[in-house]
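K.L.:
Those protein sequence lines, which keep their order, are chains H and D.
Taking the UniProt record's numbering, the leading residue of the first sequence gets 1, the next gets one more, and so forth.
Taking the UniProt record's numbering, the leading residue of the second sequence gets 1, the next gets one more, and so forth.
Where is the CB? At the ideal position from N, CA and C, for every residue including glycine.
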Amino acid sequence: MQQRRNYVFLMLTFVLVMALIAGCGAGNNNNGGANKSANGTKTTGEATAEEPETKTGGEVNIYTARHYDVDADLYAKFTEQTGIKVNVVEGKAPELIEKIKREGTSTPADLFITVDGGILNTAKTAELLQPVVSEVIDAQVPAELRDKDSHWIGLSTRARVIVYAKDRVNPSELSTYEDLATDKWKGKLMVRSSTNLYNLSLLASLISINGEKEAEAWAAGIAANLARDPEGGDRDQAKAIVAGTGDVAIMNTYYVGNLAASDVEEERKVAEQIGVFFPNQQTTGTHINISGAALIKHSKNKENAIKLIEYLTAPEAQSIISKTNFEFPVNKAAELPELLKSWGEFKSQGIDFAAYGELNPKAVEIVNKVGWK
Amino acid sequence: MLPILYVLLGLFRPTNENWQIVKQYLLTDYVLGSAKLVLFTGFFAALLGVVLAWLVVGYTFPLRRFFRWALVLPLAVPPYIAAYTYSTMTSYTGFIQSTLRNQFDIKLPPGTIEIMSSKGAIFIMTLFLFPYVFMLTRTFLERQSASYIENARLLGRSRLSLFIKVVLPLSRPAIISGVMLVVFEVFSDYGVASYFGMQTVSTAIFQTWFGMYDVDSAIRLAAWLLIVIIGLFVIERFLRRNRQFNATTSQSRPLKPQQMKGIAAWGATAFCSIIFLLAFIVPLTQIIVWTTWTYHKIWRADFIDLMVNSLSGAAIATAVIMIIALLSARTARMLSSSLAYGVSRLMTAGYAIPGAIVAIGVLAVFIALDQRLSTVYEWLGKGEGALVLSLSLSMLITGYIIRFMATGYNAIESGYEKLPRVYTEASRTLGRGNTKSFFKVELPLLKGAVITGFILTIVEIMKELPLTLLLRPFNFDTLATRTYQYAIDERIYDAALPSLLLIGISLISVLLIVRLEKEK
Numbered sequence: 001m002q003q004r005r006n007y008v009f010l011m012l013t014f015v016l017v018m019a020l021i022a023g024c025g026a027g028n029n030n031n032g033g034a035n036k037s038a039n040g041t042k043t044t045g046e047a048t049a050e051e052p053e054t055k056t057g058g059e060v061n062i063y064t065a066r067h068y069d070v071d072a073d074l075y076a077k078f079t080e081q082t083g084i085k086v087n088v089v090e091g092k093a094p095e096l097i098e099k100i101k102r103e104g105t106s107t108p109a110d111l112f113i114t115v116d117g118g119i120l121n122t123a124k125t126a127e128l129l130q131p132v133v134s135e136v137i138d139a140q141v142p143a144e145l146r147d148k149d150s151h152w153i154g155l156s157t158r159a160r161v162i163v164y165a166k167d168r169v170n171p172s173e174l175s176t177y178e179d180l181a182t183d184k185w186k187g188k189l190m191v192r193s194s195t196n197l198y199n200l201s202l203l204a205s206l207i208s209i210n211g212e213k214e215a216e217a218w219a220a221g222i223a224a225n226l227a228r229d230p231e232g233g234d235r236d237q238a239k240a241i242v243a244g245t246g247d248v249a250i251m252n253t254y255y256v257g258n259l260a261a262s263d264v265e266e267e268r269k270v271a272e273q274i275g276v277f278f279p280n281q282q283t284t285g286t287h288i289n290i291s292g293a294a295l296i297k298h299s300k301n302k303e304n305a306i307k308l309i310e311y312l313t314a315p316e317a318q319s320i321i322s323k324t325n326f327e328f329p330v331n332k333a334a335e336l337p338e339l340l341k342s343w344g345e346f347k348s349q350g351i352d353f354a355a356y357g358e359l360n361p362k363a364v365e366i367v368n369k370v371g372w373k
Numbered sequence: 001m002l003p004i005l006y007v008l009l010g011l012f013r014p015t016n017e018n019w020q021i022v023k024q025y026l027l028t029d030y031v032l033g034s035a036k037l038v039l040f041t042g043f044f045a046a047l048l049g050v051v052l053a054w055l056v057v058g059y060t061f062p063l064r065r066f067f068r069w070a071l072v073l074p075l076a077v078p079p080y081i082a083a084y085t086y087s088t089m090t091s092y093t094g095f096i097q098s099t100l101r102n103q104f105d106i107k108l109p110p111g112t113i114e115i116m117s118s119k120g121a122i123f124i125m126t127l128f129l130f131p132y133v134f135m136l137t138r139t140f141l142e143r144q145s146a147s148y149i150e151n152a153r154l155l156g157r158s159r160l161s162l163f164i165k166v167v168l169p170l171s172r173p174a175i176i177s178g179v180m181l182v183v184f185e186v187f188s189d190y191g192v193a194s195y196f197g198m199q200t201v202s203t204a205i206f207q208t209w210f211g212m213y214d215v216d217s218a219i220r221l222a223a224w225l226l227i228v229i230i231g232l233f234v235i236e237r238f239l240r241r242n243r244q245f246n247a248t249t250s251q252s253r254p255l256k257p258q259q260m261k262g263i264a265a266w267g268a269t270a271f272c273s274i275i276f277l278l279a280f281i282v283p284l285t286q287i288i289v290w291t292t293w294t295y296h297k298i299w300r301a302d303f304i305d306l307m308v309n310s311l312s313g314a315a316i317a318t319a320v321i322m323i324i325a326l327l328s329a330r331t332a333r334m335l336s337s338s339l340a341y342g343v344s345r346l347m348t349a350g351y352a353i354p355g356a357i358v359a360i361g362v363l364a365v366f367i368a369l370d371q372r373l374s375t376v377y378e379w380l381g382k383g384e385g386a387l388v389l390s391l392s393l394s395m396l397i398t399g400y401i402i403r404f405m406a407t408g409y410n411a412i413e414s415g416y417e418k419l420p421r422v423y424t425e426a427s428r429t430l431g432r433g434n435t436k437s438f439f440k441v442e443l444p445l446l447k448g449a450v451i452t453g454f455i456l457t458i459v460e461i462m463k464e465l466p467l468t469l470l471l472r473p474f475n476f477d478t479l480a481t482r483t484y485q486y487a488i489d490e491r492i493y494d495a496a497l498p499s500l501l502l503i504g505i506s507l508i509s510v511l512l513i514v515r516l517e518k519e520k
């Protein structure tokens, strides 16, 4: 009995090992296959490959890293208007990119929606995307808020600004991001962890504008000026200002809006006690980041996907996004909520969002090197 | 198991320049960070779990029966939700500081309550993970220790010496199983560590992946983590090799608790109450309050679907896990070879690496499988290159099974350790077949362990997040993903409703099973 058992066990192990080897083999074939069919679609053209697919379904499949209720509401409205069903998988952007990569030509995804120009560019350079061709979109979204090859289209932007304690800091003392790294703010500055993409993209933009050396010195200055080790998210920095841990912090505009519109009285009080300052207005401009929708190369419902982007960038949807989420619309015709109006126009850095992605590894290296936690 | 091997294979892929950066800047700090967190949390969780288990089993004191199951409840609260809750509660705008400020005009200096620190992380993880140790130890002490402890009592051991000299060594397998679960959970935790800005191996893995888009290096890190974990298993087995306590009598009757009186008894009640308050009532109450603030805005009709999704996914996966765990624990026991042991360990190692890494392994295997089956799909008229398996729920369920085998397996294994082999052997000698012996003799004796394993696993799966995010099919949301959706955006108050429902469902499943246990 014992021996038979041993035998069975050995067999099982053997089968597993075989399966593993088979799995690896399949992995290799898989790459080869993906390359081949990728070339194949190029030569045979899209019409033959995709026509039978589009007939089967009035639907569009989205992988999204945006996680706002307003998005779901807009998808529902879109379905109501067009009859096109919107299927959604939410997740973290880098994970979704990995998933699309591994699914290769078979991917069910039509659109990849995320926040951060760097990530959008990463998806582009990984050759996961294709150009969006639509005159409607070209008219609705200014060229600087689209990928230069239209592989992705901006949906909304947010600015990374300086917030300050109204009772302790005079806005005239504030000027630039660079100024925050000087001794003047030693022990007074707060910002969330450098592992967060908002900070990495900010640093990437400064590398692009000021050069690597200066950007590294800047990051070191920021790390040295921190009032405390980075903790929590953007909102937590605002709260810590009011609590008196520090005087100034770097955070995104839409969090300020969300605090001001909070259901919780204490949070609204926090929003009242902080001021918002758009830095670098006299120099290189305020850092903005972008949320965008990208068309997947192997999309099977391309027309529907483009229809959805058209819908999301139209004035109506843009006003809703801006009103509920305090993001800046990409469509100039959209209506701004009062708070955003009160901040007025501002000058942004105006650099290609692709730089956030290209310089991201450098930024990661720098923050690790200078010890910005 | 394939996905885990896939991760391990990461060690053999060629390194790139990012790996050098990781090694140069991150590794030492992050390894130290993880080690510190694991050591302290493991130690405190073991201490708390064992002491509470022994109190509840060994003595009578007011509310003992209540605490016997109530102290399991903190498991229903996912540590990341507890972390958000506690940090928001103690923050400047939180309940504690704002009450002091507005009612009593007391302004706490910033940093007085500092939950977002390594101490805070240890505090949170200990409070919400100790029930693993508590539950496994309690089940074991109740069912299988009576004769030793009663003899020791007869021999006049003092309370303390009874605890140290008899209870501790005796329940070692159960304690170790429980602590292992805690240790795994801490190693793989990303939610709490990243929210508190801790530097751990797990956060390093994600920094490499999300920051540098270097999945290979991330997998390599995870593979090293796996090696460490397997090393821990080997050490643990080595330490334990000669310590087999097989019961000598055939009566496996429950232990009779000793009367505790006066201050000692009330002290025990107070101690249990404090832990119960901190680890369950306080965060729960806070979440309920927040829910009342945001309920009107957050409630959507699809919450019913979310609940069904959470529950059904977890239930299916748990059932499969328990069956596999029973079979493999039994095989490993019968064979008692090192190879069988190693394989069974590898199966449970999925618990110690971050869910997202397991997910990548599962994804790789499923897509490869779909490609293998593509001719079949074409024949079925699904079109060329269709993904069938990897777009179905089965991928997620498989992911769950791989990742959470440990909770089921450890529970069963610690049950088996206390089950003398003689029973099975006797049953077989008396002419019962192998299968029959299993159902008629072993299973009834293992009932407690099976129930424990079931609770631990189902609750654990319902709380699961990273696997669900990556492996789910379209439009499949669970309570955990909905909670994440709000929490990631720092909308803690809005996350209260899904959190509450998640805790509620976990609670109901725990209570149902506790009832089942009582009835039998």
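#1: Looking only at its own chain, which residues have a Cβ that is under 6 Å from the Cβ of Ile227/D, when we skip the five neighbours before and after it?
#2: DSSP state of Glu59/H, grouped into three classes?
#3: Does the beta carbon of Pro337/H sit closer than 9 Å to a beta carbon anywhere in chain D?
#4: Classify Phe238/D as buried or exposed, calling it buried when 16 or more other Cβ atoms lie within 10 Å of its own Cβ.
#5: Which residues in chain H have a C-beta closer than 8 Å to the C-beta of Met322/D? List them in chain order.
#6: If you scan the region 127-191 of chain H from start to end, which runs of the alpha helix (DSSP H) of 4 or more residues do you find wholly inside it?
#7: Taking only the alpha-carbon atoms, compute the straight-line gap between Lys99/H and Leu363/D and give it to the nearest angstrom.
#8: Please report the straight-line C-alpha distance between Glu335/H and Glu310/H, rounded to a whole angstrom.
#9: Quick check: the Cα distance between Ala174/D and Glu413/D, rounded to an integer number of angstroms?
#10: Quick check on the DSSP output: the beta strand (DSSP E) that includes Met251/H runs from which residue to which?
#11: Taking Cβ positions only, does Ala22/H come closer than 9 Å to chain D?
#12: Ordered along the chain, which non-local residues of its own chain (more than five positions away) have a Cβ less than 6 Å from that of Phe280/D?
#13: With burial defined as no fewer than 16 other Cβ atoms inside 10 Å of the residue's Cβ, what is the status of Pro283/D: buried or exposed?
#14: Run through chain H and tell me which residues come within less than 9 Å of Gln20/D, C-beta to C-beta.
#15: Under 8 Å, CB to CB, which of the residues in the region 258-271 of chain H have a partner in chain D?
#16: Give the secondary structure of Asn475/D by DSSP, where H, G and I count as helix, E and B as strand, and everything else as coil.
#17: Taking C-beta to C-beta, are Ile4/D and Ile402/D nearer than 9 Å?
#18: Please list the partners that Asn61/H has in chain D, where partner means a Cβ-to-Cβ separation under 9 Å.
#19: When you compare the region 176-189 of chain D with the region 40-57 of chain D, are there three or more beta-carbon pairs, one atom per stretch, that lie closer than 8 Å?
#20: Within its chain, find whatever has a CB closer than 8 Å to the CB of Gln258/D; leave out the 5 residues flanking it on each side and keep chain order.
#21: Tell me where the beta strand (DSSP E) around Thr114/H begins and ends.
#22: Under 9 Å between C-beta atoms, does Gly91/H make it to chain D?
#23: Express the C-alpha separation of Thr126/D and Ala220/H in angstroms, rounding to a whole number.
#24: Do we get a CB-CB distance below 9 Å when we pair Glu236/D with the residues of chain H?
#25: Spatial neighbours of Asn29/H within its chain, please: C-beta separation below 6 Å, excluding the five flanking residues on both sides.
#26: If you follow the beta strand (DSSP E) that Ile288/H is part of, which residue opens it and which one closes it?
#27: Buried or exposed, going by whether 16 or more other CB atoms sit within 10 Å of the CB of Ala143/H?
#28: Answer with buried or exposed for Ser172/H, where buried requires no fewer than 16 other C-beta atoms within 10 angstroms of its C-beta.
#29: Measuring CB atoms only, is the region 103-122 of chain H touching the region 282-295 of chain H, in the sense that at least three cross pairs come out at less than 8 Å?
#30: Checking contacts by CB at 9 Å: is His67/H closer than that to chain D?
#31: Please list, in chain order, all residues of the same chain as Gly408/D whose beta carbon is under 6 Å from its beta carbon, the five residues on each side excluded.
#32: Between Pro420/D and Ala121/D, what straight-line distance do the alpha-carbon atoms span, to the nearest angstrom?
#33: By the criterion of Cβ-Cβ separation under 8 Å, what are the contact partners of Ser98/D in chain H?
#34: Going by DSSP in three states, Leu5/D sits in which element: helix, strand or coil?
#35: According to DSSP, is Ile209/H helix, strand or coil?
#36: Taking only beta-carbon atoms, is Ile367/D less than 9 Å away from chain H?
P.N.:
Taking the definition as stated:
#1: As a first step, residue 227/D is located in the second sequence; it is residue number 227 there, counting from the start. Closer than 6 Å at Cβ, skipping near neighbours: no residue.
#2: For this step, residue 59/H is matched to residue 59 along the first sequence. In this structure, Glu59/H counts as strand in the three-state DSSP scheme.
#3: Position 337 of the first sequence, counted from the start, is the residue given in the question as residue 337/H. Chain D, which has no Cβ nearer than 9 Å to the Cβ of Pro337/H, makes this no.
#4: Residue numbering aside, residue 238/D sits at position 238 when the second sequence is read from its first letter. Phe238/D should be labelled exposed.
#5: Numbered from 1 along the second sequence, position 322 holds the residue referred to as residue 322/D. Within chain H, no residue has its CB atom less than 8 Å from the CB of Met322/D, the nearest being about 19 Å off.
#6: 135-140 and 177-180
#7: The residue labelled residue 99/H in the question sits at position 99 within the first sequence. The residue labelled residue 363/D in the question sits at position 363 within the second sequence. Those two C-alpha atoms are separated by around 8 Å.
#8: Along the first sequence, read from residue 1 onward, the residue named residue 335/H stands at position 335. Along the first sequence, read from residue 1 onward, the residue named residue 310/H stands at position 310. A straight line joining the alpha-carbon of Glu335/H with that of Glu310/H spans about 17 Å.
#9: Here residue 174/D corresponds to residue number 174 of the second sequence, with the count starting at 1. Here residue 413/D corresponds to residue number 413 of the second sequence, with the count starting at 1. Those two C-alpha atoms are separated by around 9 Å.
#10: Position 251 of the first sequence, counted from the start, is the residue given in the question as residue 251/H. Its beta strand (DSSP E) spans residues Val248 to Asn252.
#11: Taking the first residue of the first sequence as position 1, residue 22/H is located at position 22. Note that Ala22/H has pLDDT 38, beneath the 50 cutoff, so the model's placement of it is unreliable and the number below is only indicative. Yes, Ala22/H lies at the interface with chain D (some Cβ there is under 9 Å from its Cβ).
#12: Position 280 of the second sequence, counted from the first residue, corresponds to residue 280/D. Correct list, in chain order: Leu73 and Pro74.
#13: Along the second sequence, one-based indexing puts residue 283/D at 283. Counting the other CB atoms within 10 Å of its CB gives Pro283/D a total of 16 or more, which places it among the buried residues.
#14: Along the second sequence, one-based indexing puts residue 20/D at 20. Near Gln20/D there are no residues of chain H at all, since even the closest Cβ is about 11 Å away, more than 9 Å.
#15: Residues passing the 8 Å Cβ filter: Asn258, Ser262, Asp263, Val264, Glu266, Glu267, Lys269 and Val270.
#16: The count along the second sequence starts at 1 and reaches residue 475/D at position 475. Residue state for Asn475/D is assigned as coil, using DSSP reduced to three classes.
#17: Taking the first residue of the second sequence as position 1, residue 4/D is located at position 4. Taking the first residue of the second sequence as position 1, residue 402/D is located at position 402. Their beta carbons are under 9 Å apart, which means Ile4/D touches Ile402/D by this criterion.
#18: Position 61 of the first sequence holds residue 61/H. By Cβ distance, chain D contributes Phe474.
#19: yes
#20: Indexing the second sequence from 1 puts residue 258/D at position 258. Taken in chain order, the residues that qualify are Gly58, Tyr59, Thr60 and Arg153.
#21: Counted from its first residue, the first sequence places residue 114/H at position 114. Taken as a continuous stretch (DSSP letters only), the beta strand (DSSP E) holding Thr114/H covers Leu111 to Val115.
#22: Translated into the one-based positions of the first sequence, residue 91/H becomes position 91. It does; some Cβ of chain D falls within 9 Å.
#23: For the purposes of this step, residue 220/H is taken as the residue at position 220 of the first sequence. For the purposes of this step, residue 126/D is taken as the residue at position 126 of the second sequence. Those two C-alpha atoms are separated by around 35 Å.
#24: Here residue 236/D corresponds to residue number 236 of the second sequence, with the count starting at 1. False, the Cβ-Cβ gap to chain H never drops below 9 Å.
#25: In the first sequence, the residue the question calls residue 29/H occupies position 29. Any answer about Asn29/H is weak, because its pLDDT of 34 lies below 50 and its placement is not dependable; what the coordinates show is given next. Same-chain partners within the cutoff: there are none.
#26: What you label residue 288/H is simply residue 288 of the first sequence in a count that begins at 1. Its beta strand (DSSP E) spans residues His287 to Leu295.
#27: Here residue 143/H refers to the residue found at position 143 of the first sequence. Exposed, by the Cβ-count rule.
#28: Against the first sequence, residue 172/H aligns to sequence position 172. That one is exposed.
#29: Because the criterion of three Cβ pairs below 8 Å is met, the region 103-122 of chain H and the region 282-295 of chain H touch.
#30: On the first sequence, residue 67/H is found 67 positions in, with the first residue counted as 1. Yes, His67/H lies at the interface with chain D (some Cβ there is under 9 Å from its Cβ).
#31: Taking the first residue of the second sequence as position 1, residue 408/D is located at position 408. Correct list, in chain order: Ile321, Met322, Ala325, Gly453 and Thr457.
#32: Along the second sequence, read from residue 1 onward, the residue named residue 420/D stands at position 420. Along the second sequence, read from residue 1 onward, the residue named residue 121/D stands at position 121. Whole-angstrom Cα-Cα distance: 40 Å.
#33: Walking along the second sequence from the start, residue 98/D turns up at place 98. Result: Glu266.
#34: For the purposes of this step, residue 5/D is taken as the residue at position 5 of the second sequence. Helix, per DSSP.
#35: The residue labelled residue 209/H in the question sits at position 209 within the first sequence. Ile209/H: helix per DSSP, three-state reduction.
#36: Counted from its first residue, the second sequence places residue 367/D at position 367. Yes, contact with chain H.
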